[in-house]
Structure formats: C-alpha cells, structure tokens
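The listed protein sequences derive, respectively, from chains A and B.
When we follow UniProt numbering, the leftmost residue of the first sequence carries the number 1, and every step to the right adds one.
When we follow UniProt numbering, the leftmost residue of the second sequence carries the number 1, and every step to the right adds one.
Right, one structure below, let's go through it.
There are 2 protein chains.
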Amino acid sequence: MASEATPGDTWTIAQIADEFAITHRAVRHYEDLGLISPERRGTQRVYHRRDRTRLNLILRGKRLGFPLEEIRTIIDLYDAPRGKRSQLEYALGQIDERRADLEARRRDLDAALDELDTFESRCRADLGALKPTQRTSPTG
Amino acid sequence: MASEATPGDTWTIAQIADEFAITHRAVRHYEDLGLISPERRGTQRVYHRRDRTRLNLILRGKRLGFPLEEIRTIIDLYDAPRGKRSQLEYALGQIDERRADLEARRRDLDAALDELDTFESRCRADLGALKPTQRTSPTG
DNA sequence: ATCCTGCTTTACGTTTACGTCAACGTCAAG
DNA sequence: CTTGACGTTGACGTAAACGTAAAGCAGGAT
Numbered sequence: 001m002a003s004e005a006t007p008g009d010t011w012t013i014a015q016i017a018d019e020f021a022i023t024h025r026a027v028r029h030y031e032d033l034g035l036i037s038p039e040r041r042g043t044q045r046v047y048h049r050r051d052r053t054r055l056n057l058i059l060r061g062k063r064l065g066f067p068l069e070e071i072r073t074i075i076d077l078y079d080a081p082r083g084k085r086s087q088l089e090y091a092l093g094q095i096d097e098r099r100a101d102l103e104a105r106r107r108d109l110d111a112a113l114d115e116l117d118t119f120e121s122r123c124r125a126d127l128g129a130l131k132p133t134q135r136t137s138p139t140g
Numbered sequence: 001m002a003s004e005a006t007p008g009d010t011w012t013i014a015q016i017a018d019e020f021a022i023t024h025r026a027v028r029h030y031e032d033l034g035l036i037s038p039e040r041r042g043t044q045r046v047y048h049r050r051d052r053t054r055l056n057l058i059l060r061g062k063r064l065g066f067p068l069e070e071i072r073t074i075i076d077l078y079d080a081p082r083g084k085r086s087q088l089e090y091a092l093g094q095i096d097e098r099r100a101d102l103e104a105r106r107r108d109l110d111a112a113l114d115e116l117d118t119f120e121s122r123c124r125a126d127l128g129a130l131k132p133t134q135r136t137s138p139t140g
C-alpha cells in the first residue's frame with residue numbers, strides 16, 4: 001500500500017488540493033497570507049479538520065468575491081479567543097459589520113435577480129409576439 | 001457661469017466620475033473594455049443616460065464581485081438586439097445561466113449569514129454566562 | 001497672446017491572486 | 001544506491017483593475 005498512514009484525521013497537501021479542486025500553489029498561497037496554518041511534521045505540511053473548515057470558508061468567501069485579506073479577518077473572527085468580555089464585545093461588533101456587508105450584497109443580488117426576471121418576461125413576450133409558429137398538436 | 005450647457009441630458013466625465021464616486025481613470029478603463037461607449041464631441045466624451053444606466057450595472061456587478069469582462073457580457077445581454085427568434089432564444093439561454101450563477105451566490109450568501117447568526121448567538125450566550133454584571137434597573 | 005482649467009492620450013507602476021518553472025530534500029521501492 | 005513520487009522553498013511571470021505621472025490640446029478669461 002502506498003501511504004495510508006492517516007491515524008487521526010490528517011491529510012497531505014495533495015489530498016487537500018485534490019479534494020477542494022485547487023492547486024497546491026493556491027493552498028500554499030493561503031498559508032502565506034495566514035489563512036491556514038497546517039501542522040508541520042518535519043518539513044512537510046499536515047492538514048487537519050480545522051484547516052478544511054477554514055478552506056471551506058476561504059473558498060466560499062472567494063465565490064462571494066471577497067479579497068483574501070478580508071477573508072482572513074473573517075475566519076480569524078470565527079475562531080478568535082472570546083474568553084474575556086472585551087473580546088466578546090469586539091466580536092459582536094465585527095459580526096454587525098459583516099452582517100451589514102452581507103445584507104447589502106444580498107440586496108444587490110436580489111435586485112439583479114429581479115431585473116433578470118423582468119428581462120426574461122420581456123424576452124418571452126417578444127418571442128410569443130414574434131410568430132405564433134408551428135403547433136405540433138392539433139389546435140382544433 | 002462656468003459650463004451649464006447641458007441641453008438634453010448629457011454629462012462630462014468629471015460629473016460622471018463625481019456622481020458615481022469613481023475616478024475618471026476608472027471610467028475610461030470601463031470604456032477601454034467596452035463596457036460603456038460615450039458619444040464624442042470632437043475629442044471630448046459626452047455621457048448620456050444610457051451610460052449612467054450601464055455604470056450602475058457595472059458598479060453593482062463589481063460590488064457582487066464579478067470581473068469586468070463578465071459584467072460586459074451581462075450588460076451587452078441587456079441591450080442586445082432581440083428582434084429575431086434566434087437572438088431571443090440565445091438571450092433566454094444566457095438568462096438561465098446568469099440566474100443559476102446568481103442563485104448559487106445567494107445560497108453562499110445565505111449560508112454565510114446563517115453562520116454569522118449562530119455565531120452571534122454563541123457570543124451572546126458566552127457574554128451572558130460570563131458575568132451577570134451590574135443591572136442598572138432594579139431587578140426585584 | 002497668454003494663462004488657466006478641464007479633457008485627452010500614452011505609458012509605466014501597483015496590488016491581488018495565484019501560475020510556472022527551477023532546484024533541492026526525502027522516503028520507500030527496486 | 002539510484003530511481004521515482006511527492007514535498008519544499010524561492011523567485012519570476014501574469015492577468016485584472018485600476019493608480020499615477022507625463023505631456024499635449026482646446027476653449028474661455030484676462
């Protein structure tokens with residue numbers, strides 16, 4: 001057998017890159033920017049569940065168009081220490097900012113979808129008015 | 001008076017840049033990429049309502065994280081000629097693609113908002129459990 | 001005629017997010 | 001002990017989306 005020595009739940013960079021459909025270069029890039037920080041066994045990187053969680057957040061953030069630096073602050077927020085009151089209050093403040101941002105995006109998104117719908121209606125109307133072309137079934 | 005010679009409804013690049021809170025360089029960049037195409041009076045650019053409409057779409061597209069090239073195909077779709085049946089059918093196809101994309105984004109967005117909500121609840125719970133500190137009002 | 005202001009083009013610089021070698025380490029297999 | 005397969009660190013390249021001079025034109029004010 002090749003290498004099935006994954007005792008707990010760890011992954012190599014190749015497995016991670018493969019699973020998330022990204023290149024090892026991208027994975028390393030995210031690490032360079034501090035978005036993930038895999039364990040090191042000697043020189044090699046060992047990825048844990050925590051890293052996968054973060055990668056999911058990273059990729060979703062990217063799909064939503066956030067820059068990596070901003071994504072980092074978000075993930076950091078999610079597993080920042082929140083033992084002290086001041087930390088929790090800071091986190092709550094950050095949460096409000098984030099939510100405002102996301103909701104603004106959703107408004108834009110909904111507006112875009114609405115326009116798309118009305119545009120489709122116009123197109124369908126145009127198409128219907130163009131030619132009441134061939135009916136395959138007997139109309140009567 | 002300086003220059004109020006706006007007979008119909010036209011704007012200079014400075015006015016446009018100002019109104020949309022972007023730089024003239026950005027405006028010209030969008031033109032370079034074919035996202036807008038203002039009239040030319042001699043050498044000067046003259047912007048019309050059509051250009052403003054497009055700029056609104058551009059900026060919303062940007063807020064949603066779309067690349068400019070993709071934004072261009074979208075706006076072009078919106079005012080493409082749709083006189084012939086084939087054109088309309090092509091447009092309808094494009095619309096479906098766009099909608100799928102936007103809806104996927106909305107799913108990501110909603111997921112992000114949900115996680116934010118549950119995270120906030122955790123934070124608030126932590127905060128409440130931390131210290132039932134000073135009550136300003138008489139509790140009983 | 002000249003100056004100033006605003007607009008124009010040209011072109012190189014910058015940031016983000018990686019791609020793409022290059023060159024070397026390493027560990028199990030032959 | 002050499003060969004691969006896989007992993008590592010530079011380091012330069014690239015595409016997108018502008019930023020930032022640099023330098024010239026053009027029309028009104030002085």
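All C-beta atoms in this analysis are idealised placements derived from N, C-alpha and C, irrespective of residue type, glycine included.
Since this is a predicted model, take the numbers as computed values, not measurements.
Check, Outcome
"Under 9 Å by beta carbon: chain B residues contacting residue 120/A", "91, 92, 95, 96, 99"
"Extent of the continuous beta strand (DSSP E) to which residue 40/B belongs", "39-41"
"Reference residue 64/A; option with closest CA among 109/B, 53/B, 35/B", "109/B"
"Reference residue 72/B, options 55/B, 81/B, 38/B, 41/B, closest by Cα", "55/B"
"Residue 162/B versus residue 116/B: straight-line alpha-carbon distance, rounded", "Any answer about residue 162/B is impossible in this case: the structure gives chain B only from 1 up to 140."
"Backbone CA spacing between residue 38/A and residue 103/A [nearest angstrom]", "32 Å"
"9 Å Cβ cut-off: residues of chain B touching residue 47/A", "Within 9 Å Cβ-Cβ: nothing; residue 47/A doesn't reach chain B, min ~21 Å."
"Interface flag, residue 51/B vs chain A, CB-CB below 7 Å", "no"
"Residue 45/B, DSSP secondary structure in three states", "strand"
"Contact set between residue 72/A and chain B, taken where Cβ atoms lie within less than 9 Å", "Chain B residues near residue 72/A: none, gap ~15 Å exceeds 9 Å."
"The segment 46-54 of chain B touching the segment 7-19 of chain B, judged by at least three CB pairs closer than 8 Å", "yes"
"Sequence-distant residues of its chain with Cβ nearer than 7 Å to residue 148/A (five each side left out)", "There is simply no residue 148/A to check, as chain A begins at 1 and stops at 140 in what is shown."
"Of the listed residues 95/B, 84/B, 85/B, 62/B, nearest to residue 78/B (C-alpha basis)", "95/B"
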